[in-house]
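A short write-up of the structure that comes next.
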Amino acid sequence: MDIITKRLETIYESESVVSIASEIRHRIEQAKRKVKARKQGWDNKDVVLITYGDQFFEGQAPTLVTFKEMYDKYLHDMFELVHILPFYPYSSDDGFSVIDYKMVNPKLGDWNDVNNLTKSTRLMFDYVCNHISAKSDWFEEYSKGNPEYDNFFVEMSPNTDLSAVTRPRATPVLTEFALADGQKKHIWTTFSEDQIDLNFSNPQVLLRMIDVLAFYLEEGAEYVRLDAVGFMWKEPGTSCIHLEKTHEIVKLFRDVLDGIAPGTVMITETNVPHKDNITYFGDGKDEAHMVYQFPLPPLVLQAIHTGNGEALSCWANGLELPGDDATFFNFLASHDGIGLNPIRGIVPENDILALVKDLEAEGALVSYKQNPDGTKSPYEINVTYMDALNKLSDSDDLRLQRFLLAHSILLVIPGVPAIYVQSILGARNDLDGVAKTGHNRSINRKKYPLADIEAGIGDSETLMHRVFEGIKGLVQLRKSEQLFHPNVAMEVVDYGAAVFAVKRYDEAGDYVLALHNLSDQVVSCNVEDSRDMMTNQHISGSAPITLAPYAFRWLKNKN
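Residue 75 is where the sequence shown starts when you use the numbering used here, and the numbers rise one by one after that.
Below, the structure written as structure tokens:
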């Protein structure tokens, strides 16, 4: 029995899956003839930019054309890959309520513009596989009673006990909809009333979504991000997250990717505690190639905020990969807020609440989740990473130092690093954006005229210029050093609570030691003879080196 048929029998148990397996194999063969060859694996040169497709605008030009202009002029020597957040027509959530999976939002351009961008960089697409917009043709046809769309969505009696269901939002699990014939149905909506969960217990839904996945590969996706993937399978009476059949569907998606275009990287996005997050690696070969490293943003923030890296060091010391065919997708900031669930169990709850309180006092916003007992807990902090790390009263010099310190940590730990576009611009909290949309996450989603960005990057007096050049220098240094390959071994070195120190080393005895002073005090560290990678100066091991507040050094033991 082939692997696809075996997976389908696990998912659908009592149903005949022969014809479904045949359709999937046919779609794989069809797509194979259209895709281009792609890079196999990853290395130290792979650094990802996370951005919206309309991040930069210039008059009435399609924004993907404007982005390509920005990329070709300023970003091509920093980022080998670009993650364009959902660029499809949408009705809410800044793209994550997709109206049509196979269209490009006309404001951004069309598929020719996407194809032109693939000539400059490799692309990562969002695969919003858990839900679709209430304004989509799929849901409208379902509402009209079109039999082709029967069972495409999860209908449920409002009397069903769903108290065990994991809730990422403080909103009801079910939303009532009036259908065209006047019937009222309660339908599963994990994230909002405009984001209707797909019913993967219907094999026709699976087939349609595999067709979408294959289409993305045909259109040039080399990395594919599975959005909110943990919620795909629903079983009342359970948590409805990370269920066995969800994992089996993810494995089937992996089979499809490997069958169509080996080298395509599949990344799962599950904003959950670390132990649950890493289950999406599977056995290291059969599920995600990468998982989002969700504990990293809040741990780095908490370490710099308190000047104490004990939790960060302890967590990093326990990081393990299942093999060379899997790695972490590391990031500090994204279009979402800084998630707090991933550090529950790593950082005491009182310390998490104290961090939230301190950041709120400095202008950050907080989103909450609903607990099974009816209470609410902080779910994420909505803030730019620049303003998360700093006080409103801080100088730009101090802001810059803390910000680069955090990005040094991002760039030296194992995995493929991704940097959010707002971070390379040193963006501050966009409270006007929040007031305009009424959504907390708008605080870190500002869009810019291209001329303003070019002026800011070109003016050496601006914080934007200093941040851009600082991060650019670190990225280029990382890309030049093979010891920063995602799969090179790491050791956490103990220099006390104020210092986060990691050593990346190979079997030949070469290593890079990265030292980070998390505190506002000068610290000393004993090191061996080495070379400072940033200044190219020789470091003698005969006397301790000192690190100024929030300073960091990358030391290599051999030239």
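We treat Cβ as the ideally placed atom computed from N, Cα and C, and that holds for glycine.
| field | residue 218 versus residue 226: straight-line alpha-carbon distance, rounded | value | Going from the Cα of residue 218 to the Cα of residue 226 covers about 13 Å.
| Contacting residues, own chain, Cβ-Cβ under 7 Å from residue 101 (five flanking each side not counted) | Counting only Cβ-Cβ distances below 7 Å, and skipping sequence neighbours, we find 284, 285, 288.
| query | Do the segment 181–188 and the segment 220–235 touch if we need at least three Cβ pairs shorter than 8 Å? | reply | Result no; under three Cβ-Cβ pairs closer than 8 Å.
| query | Start and end of the beta strand (DSSP E) containing residue 498? | reply | Not the beta strand (DSSP E): residue 498 falls in the alpha helix (DSSP H), residues 495–498.
| Buried or exposed by the 16-neighbour rule on C-beta atoms within 10 Å, applied to residue 144 | If you draw a 10 Å sphere on the C-beta of residue 144, you find 16 or more other C-beta atoms in it, and that means buried.
| task | Rounded to whole angstroms, what's the CA-CA distance from residue 197 to residue 123? Just pull it up for me. | result | If you take the alpha carbons of residue 197 and residue 123, they lie about 10 Å apart.
| request: Using three-state DSSP, classify residue 198 as helix, strand or coil. | output: Three-state DSSP puts residue 198 in a strand.
| field | Residue range of the alpha helix (DSSP H) that includes residue 425 | value | 423–435 is the span of the alpha helix (DSSP H), which, as asked, contains residue 425.
| field | Cβ separation of residue 242 and residue 274, assumed to be a contact under 8 Å, to the nearest whole Å | value | Contact flag wrong, Cβ pair sits at about 18 Å.
| query | Between residue 556 and residue 118, is the Cβ-Cβ spacing less than 8 Å? | reply | Yes.
| query | In whole angstroms, what separates the C-alpha of residue 294 from that of residue 617? | reply | Cα-Cα distance, rounded: 53 Å.
| task | Report yes or no: do the segment 583–597 and the segment 374–384 share at least 3 C-beta pairs separated by less than 8 Å? | result | Here the segment 583–597 makes contact with the segment 374–384; the two share three or more CB pairs at distances below 8 Å.
| message | Does residue 612 come out as helix, strand or coil in the three-state DSSP assignment? | response | Per DSSP, reduced to three states, the secondary structure at residue 612 is strand.
| residue 368 versus residue 414: straight-line alpha-carbon distance, rounded | As the crow flies, the alpha-carbon of residue 368 is around 9 Å from that of residue 414.
| field | Where residue 585 falls, given that 16 or more other Cβ within 10 Å makes a residue buried | value | Its Cβ being crowded by 16 or more others within 10 Å, residue 585 is buried.
| query | How long is the line joining the alpha carbons of residue 335 and residue 203, rounded to whole angstroms? | reply | Approximately 19 Å between the Cα atoms of the pair.
| request: Answer with buried or exposed for residue 133, where buried requires no fewer than 16 other C-beta atoms within 10 angstroms of its C-beta. | output: A residue is called buried once 16 or more other Cβ atoms fall within 10 Å of its Cβ, and residue 133, having fewer, is exposed.
| task | In angstroms with no decimal places, state the Cα-to-Cα distance between residue 623 and residue 114. | result | In this structure, the alpha-carbon of residue 623 lies about 41 Å from that of residue 114.
| request: Give, in chain order, every unbroken run of the beta strand (DSSP E) that is at least 3 residues long and sits entirely within the segment 310–355. | output: Correct list: 339–342.
| Could you give the C-beta distance for residue 454 and residue 410, rounded to a whole number, given that I count them as a contact under 8 Å? | With 8 Å as the limit, residue 454 and residue 410 qualify as a contact, their Cβ atoms being about 7 Å apart.
| query | Is it the case that the Cβ atoms of residue 331 and residue 298 are separated by a distance below 8 Å? | reply | Pairing residue 331 with residue 298 gives a Cβ-Cβ distance under 8 Å.
| task | Going by DSSP, name the residue or residues bridged to residue 154. | result | Per DSSP, none; premise fails for residue 154.
| query | For the segment 101–139, which segments carrying the beta strand (DSSP E) assignment without a break, of at least 3 residues, lie completely within its bounds, in sequence order? | reply | Scanning the segment 101–139 from its first residue to its last, the whole beta strand (DSSP E) runs of 3-plus residues come out as 122–125.
| message | For residue 365 and residue 403, what's the separation of their Cα atoms in angstroms? | response | Cα to Cα, the separation comes out at about 6 Å.
| How would you label residue 637, buried or exposed, when you count the other beta carbons within 10 angstroms and need 16 or more for buried? | With the chain running from 75 to 633 in the structure shown, residue 637 is simply not present.
| Collapsed DSSP secondary structure at residue 222 in the structure displayed | In this structure, residue 222 counts as helix in the three-state DSSP scheme.
| message | On the criterion of 16 or more Cβ atoms from any shown chain inside 10 Å, does residue 250 qualify as buried, or is it exposed? | response | Label assigned to residue 250: exposed.
| query | alpha helix (DSSP H) containing residue 382: first to last residue? | reply | DSSP places residue 382 outside any alpha helix (DSSP H), giving it a letter other than H or E.
| Three CB pairs or more closer than 8 Å across the segment 316–332 and the segment 137–153 | Touching, no.
| Ends of the beta strand (DSSP E) at residue 251? | 248–252 is the extent of the beta strand (DSSP E) around residue 251.
| query | When DSSP builds the beta bridges, which residues end up paired with residue 528? | reply | Beta-bridge pairing links residue 528 to no other residue.
| query | Taking buried to mean at least 16 other C-beta atoms within 10 Å of its own C-beta, is residue 300 buried or exposed? | reply | Per the 10 Å Cβ criterion, buried.
| What's the gap between the Cα of residue 105 and the Cα of residue 292? | As the crow flies, the alpha-carbon of residue 105 is around 6 Å from that of residue 292.
| query | So, residue 459 versus residue 450, is the Cβ gap smaller than 8 Å? | reply | No, the Cβ-Cβ distance between residue 459 and residue 450 is not below 8 Å.
| field | Cross-strand partners of residue 85 (DSSP beta bridge) | value | According to DSSP, which records beta bridges pairwise, residue 85 is partnered with nothing at all.
| request: Taking only the alpha-carbon atoms, compute the straight-line gap between residue 176 and residue 396 and give it to the nearest angstrom. | output: Looking at the two C-alpha atoms, the distance is approximately 34 Å.
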